[in-house]
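Colleague: For the sequence shown, position 154 matches number 154 in UniProt numbering, and the numbering has no gaps at all. All residues carry an ideal CB built from backbone N, CA and C; glycine is no exception.
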Amino acid sequence: MSDSFGAKSTLAVGSNEYQIHRIKDVEGLEGAETLPYSLKVLLENLVRTEDGENITADHIKAIADWDENADPSVEIQYTPARVIMQDFTGVPCIVDLATMREAMAELGGDATKINPLAPAELVIDHSVIIDVFGTADAFEKNVEIEYERNEERYQFLRWGQTAFEDFKVVPPGTGIVHQVNIEHLARTVMTREVDGAMVAYPDTCVGTDSHTTMVNGLGVLGWGVGGIEAEAAMLGQPVSMLIPRVVGFKLSGEIPAGATATDVVLTITEMLREHGVVGKFVEFYGEGVGAVPLANRATIGNMSPEFGSTAAMFPIDEVTLDYLRLTGRSDDQVALVEAYAKEQGMWHDPSAEARYSEYLELDLSTVVPSIAGPKRPQDRISLTDAKAAFRKALPDYVGDAGATPASAMSSEVDAASAMSFPASDAPATDGHTTAEGHEMERPVHGNGEAGAGRPSSPVSITLADGTETELDHGHVAIASITSCTNTSNPSVMMAAAMLAKNAVEKGLQVKPWVKTSMAPGSQVVTGYYDKTGMWPYLEKLGYHLVGYGCTTCIGNSGPLPEEVSEAVNEHDLSVVSVLSGNRNFEGRINPDVKMNYLASPPLVVAYALAGTMDFDFESEPLGQDAEGKDVFLKDIWPAADEVEKVIAEAITTEMFTEDYADVFEGDERWKSLETPEGDTFEWDAESTYVRKPTFFEGMQADPEPVQDISGARVLALLGDSVTTDHISPAGAIKADSPAGKYLQEHGVERKDFNSYGSRRGNHEVMVRGTFGNIRLKNLLLDDVSGGFTRNFLDGGEQTTIFEASEAYQEAGVPLVVLAGAEYGTGSSRDWAAKGTRMLGVKAVIAQSFERIHRSNLIGMGVLPLQFPEGETAESLGLDGTETFDIEGITAFNDGETPKTLKVTARKDGGEGITFDAVVRIDTPGEMSYFRNDGILQYVLRSLAA
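(1) Give the straight-line distance between the Cα atoms of S424 and V578, rounded to the nearest whole angstrom.
(2) Taking the Cβ atom as the reference point for each residue, do I124 and V170 lie within a distance shorter than 8 angstroms?
(3) Suppose contacts are defined by Cβ-Cβ distances below 8 angstroms. Is T242 in contact with E75 by that definition?
(4) For F930 and T872, what's the separation of their Cα atoms in angstroms?
(5) From the DSSP secondary-structure annotation, give me the bridge partner or partners of Y756.
(6) Does V690 pass the burial test, meaning 16 or more other C-beta atoms within 10 Å, or should it be called exposed?
(7) Which full runs of the alpha helix (DSSP H) of 4+ residues lie inside the stretch 746-794, going along the chain?
(8) What is the DSSP secondary structure of T516, counted as helix, strand or coil?
(9) Count the CB pairs spanning the stretch 581-594 and the stretch 544-560 that are closer than 8 angstroms, and state whether there are at least three.
(10) Can you tell me where the alpha helix (DSSP H) with C484 in it begins and where it stops?
(11) Here's the rule: buried if 16 or more other CB atoms are within 10 angstroms of the residue's CB, otherwise exposed. What is Q700?
(12) Could you have a look at F5 and say whether DSSP puts it in helix, strand or coil?
(13) Candidates H746, I913, G747 and L863: which alpha carbon is nearest V841's?
(14) Which of the three DSSP states is assigned to A711 in this structure?
(15) For G888, which option in R775, Y543, A495 and Q707 has the closest C-alpha, if you only look at C-alpha atoms?
(16) Please give me, in chain order, every unbroken run of the beta strand (DSSP E) with length at least 3 that falls completely inside the stretch 871-936.
(17) By the three-class DSSP mapping on this structure, what secondary structure does L157 have?
(18) Put Q700 into one of helix, strand or coil per three-state DSSP.
(19) Check for me: the beta strand (DSSP E) holding P602 runs from which residue to which?
(20) Hey, how far is the Cα of S411 from the Cα of F615?
(21) Can you give me the C-alpha to C-alpha distance between I20 and T267, rounded to a whole angstrom?
(22) In this structure, does DSSP put Q179 in helix, strand or coil?
(23) Tell me the residue span of the alpha helix (DSSP H) that contains A495.
(24) Terminal residues of the continuous alpha helix (DSSP H) containing I228?
(25) With a cut-off of 8 angstroms, do at least 3 Cβ pairs link the stretch 808-816 to the stretch 733-748?
(26) Using the Cβ count rule (16 or more neighbours within 10 Å means buried), how would you classify K645?
(27) Let me check understanding here. Comparing Cα to Cα, which of Y285, A291, V47 and R329 lies closest to S351?
(28) What are the boundary residues of the alpha helix (DSSP H) that includes P561?
(29) Between which two residues does the alpha helix (DSSP H) harbouring L266 extend?
(30) Taking C-beta to C-beta, are V638 and N502 nearer than 8 angstroms?
(31) To the nearest whole angstrom, what separates the beta carbons of T204 and V220, a pair I think is in contact under 8 angstroms?
(32) Taking all protein chains shown into account, decide if G226 is buried (16 or more other Cβ within 10 angstroms of its Cβ) or exposed.
(33) For a quick check, are the C-beta atoms of P244 and Q77 less than 8 angstroms apart?
(34) Going straight from the alpha carbon of G934 to that of G224, what length do you get?
(35) Does the Cβ-Cβ distance between L364 and M271 come in under 8 angstroms?
(36) Any idea if G925 is buried or exposed, counting beta-carbon neighbours within 10 angstroms, 16 or more meaning buried?
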């Protein structure tokens, strides 16, 4: 390695000595002093990995002398210290690595070269489904079902743990990957022996889950990448990137009573999505940073994908050290983190403001209780406006079967002032009638008549326990405490438990049609619930432990009770989910649920008590106490200081050290799994979970030249904000879908379909599910949702996207996808790109791309193009019936990267529409991947050579 700036030095910490690569007070790197924290981390990375070829002194100077006002233009090669994965995206990574070992041997290379060169850790957290809920044995039963469904996948991962070096697996039932990361796996400062010296350097990571950014709260620079890019990083390939713009986000003030960390992140998400931060770093600074607890920092960092930034960083300070101590990190490690951060100028000094490209500020005291929905995380709604917003949105979700009076479609609701808890008694609601048993209360609505202004007439149903009740539009069918964002945060988790306690003591009950669930982010949550005696109150309201995993937020909400599901589908009811998650995209949560809202854990419980979104917490009571007095939300909302007091007394370091003492060992179920052996994997031809993919079949030592695209047809014409969930769903597999038919043809019963996410090791299932989301709107068709298109080889007849793809590929016809703005938002889902490639799509032309999906498309050899600035498919007169020619791609073979390519779309009558599409291959590294037909092919050829 080179050392152009003489940066190599030593750092003594107690009795230990470490080799470091200085960036502070180094001649030639004076500009580092005022760099944002995140760019200091990148600078050190380049200084340490300088090799004179891929990373040069000029690259290092480009960061040190960063022009905060310039647009990104300088490409750098960044080498993350480690890779972290979850099982949905991690299984296909290990499948690819196993396949690459065989391909390496076929190219005459050493198969064992395909091995992680940096620590790689996988946490199994995405597979548990809430089949059982509301019972004391829900957790045990769900885990048992999980193992039955996923035995093949888990055996495969156990093989990987033995076959690959520096690869570890955290077994099921432990926790959510991002919480396990911040509580145990993250180092903040890494150490590794190199040439006999112990080197210390910043902990950095890439992850196969977009919410890897949660670790940003711990001062660790990390973000989500597609699985294919993560595999390349595991194999020692640097991440090619442009030095980004950095948005400085100043925090001041304190969160007011009644507002939570969830409300803060929903506010920040709204602000940053509106500002525009795609492809940028966001960094929090100012006097207010020191007052933000680590759990809140992690919650904010977690939502980085929702506002679109690459990372959302908090610097290292005393709060960081306190959290490391609390979670059981060693004294030596904490001392190293403090000494290293101070030595490198990475310690937070609120009085020294760094240079930033753009600036925003939030006074935390202005944050109000909020939710977001019904289909995007950035669509924040003040809780006081929630009822009106629901009614305004409802017409978009009610079909002809739901005769809905105009009064329910108006925003007619009392304009209440912002909520604050505790507050003075709310005005009584006159004339409300309370039904017997669990029936929903019908309080006064705006015009003073009981029940006026509600949606259409409710449907009577009889539940399994004999309870007779009614179901209506807007009823909360799922109220789930779930996901990495909030179940890592003791302040909101304890607030939910204390609210449940207060509700039970007031005699309140959850409405009987609500599916309730509690899926903590780690076993530590169970520890502090046990210690404080909160579980009985949560369970009284149906919030039994269902699993330690993502559950509802990833689409693993499990089926609704049969009688509820039947009523919803028979009467086309638009029911609602409320979850403490980060994603509420259409079709993601549950196939029966059309409207999805994000909320803090205590608000999730509150909505379970209310039973409907058509509810105003300020003016309507949740029920009555034993004396018949109305109980409002403000009456059961726990005071923030009481919550913090309980947390301070309940959470101990011993909880973390005990829970993580044998984190990689697993229970008896895990240990008893039969584990295959050998350097290469023996594929089971009958497996419906793990199959050898076709990506490397016929691959030669040298890539074929890339070609222009001629005579391409449009597979899908899509609008704005198409998510990776739309492109590659993670949830339920419908029986009549191409994927469902495939599974049935291979002897899999409907009850054993599992989910798309769990089937990602089987390319045959995944390609059939691509563009298969039940809420996808392909504008080639009128008023049709789901994975359908028109086959123009068959007169434009409607068929499934998979069947059309098969016909086009058989006829040798290439395909393109046309899309609107923010194409590929959401999860870092490599199958959204892999499936696109396997369907025969050669190019995607969109108004704009989200960062991860654009990168993934290139990594699979699919060309990302953008319409000219200000133009759309519609403004250009394109309706998707045209054939497309894309010229100029062959110039890539000569090392050129033209800024635009000529696209000609021809109507059936011969009329041509020509425009210059912007090439979104942004770096030379990305061009190398594209010319090699994909990033893994590039890596494989490089290693074989």
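Modeller: Quick look at the numbers:
(1) With a pLDDT of only 30 at S424, under 50, the local geometry of the prediction cannot be trusted, and the value read off the model is given with reservation. When rounded, the separation of the alpha-carbon atoms in S424 and V578 is 27 angstroms.
(2) A distance below 8 angstroms separates the beta carbons of I124 and V170.
(3) A quick correction: the sequence has Leu, not Thr, at residue 242. Judged by beta-carbon spacing, E75 lies within the 8 angstroms limit of L242, meaning their Cβ atoms are closer than that value.
(4) About 25 angstroms.
(5) None; Y756 has no bridge partner.
(6) By the 10 Å Cβ count, V690 comes out buried.
(7) With a minimum length of 4 residues, the continuous alpha helix (DSSP H) runs that stay inside the stretch 746-794 are 763-769.
(8) In the structure shown, T516 sits in a strand (DSSP, three-state: E or B).
(9) Because the criterion of three Cβ pairs below 8 angstroms is met, the stretch 581-594 and the stretch 544-560 touch.
(10) C484 -> alpha helix (DSSP H) spans C484 to T487.
(11) By the Cβ neighbour-count rule, Q700 is exposed, with fewer than 16 other Cβ atoms within 10 Å of its own.
(12) The answer is coil: DSSP assigns F5 none of H, G, I, E or B.
(13) Minimum Cα-Cα distance from V841 among the listed residues H746, I913, G747 and L863 corresponds to L863.
(14) First, the amino acid is wrong: residue 711 is Gly here, not Ala. The answer is strand: DSSP assigns G711 an E or B state.
(15) Of the listed residues, the one whose Cα sits closest to G888 is Q707.
(16) Assignment of beta strand (DSSP E) within the stretch 871-936, counting only whole runs of 3 or more residues, yields 883-887, 900-906 and 912-919 in chain order.
(17) The DSSP-derived three-state label of L157 is helix.
(18) Q700 carries a coil assignment under DSSP once its states are collapsed to helix, strand and coil.
(19) Taken as a continuous stretch (DSSP letters only), P602 belongs to no beta strand (DSSP E), being part of the alpha helix (DSSP H) at P601 to A610.
(20) Any reading at S411 must be qualified, since the residue scores a pLDDT of 31, below 50, and its modelled position is unreliable; the value itself is stated next. Here the alpha carbon of S411 sits roughly 12 angstroms from the alpha carbon of F615.
(21) For the pair I20 and T267, the Cα-to-Cα distance works out to about 39 angstroms.
(22) Helix, per DSSP.
(23) It spans P490 to E505 - the alpha helix (DSSP H) in which A495 sits, taken as one unbroken run.
(24) In the DSSP assignment, I228 falls within the alpha helix (DSSP H) that extends over G227 to M234.
(25) These segments do not touch.
(26) With fewer than 16 other Cβ atoms within 10 Å, it is exposed.
(27) Answer by Cα proximity: Y285.
(28) Unbroken run through P561: none, as it is neither H nor E.
(29) Membership of L266 in the alpha helix (DSSP H) is indicated by the continuous run A261 to H275.
(30) Per the sequence shown, residue 638 should be read as Pro rather than Val. Yes, Cβ-Cβ distance for P638 and N502 is below 8 angstroms.
(31) The beta carbons of T204 and V220 sit about 7 angstroms from each other, so the pair counts as a contact at 8 angstroms.
(32) The residue is buried, with at least 16 neighbouring Cβ atoms inside 10 Å.
(33) Cβ atoms of P244 and Q77: not closer than 8 angstroms.
(34) It is roughly 19 angstroms from the alpha-carbon of G934 to the alpha-carbon of G224.
(35) One thing to note: L364 has its Cβ no nearer than 8 angstroms to the Cβ of M271.
(36) It counts as buried.
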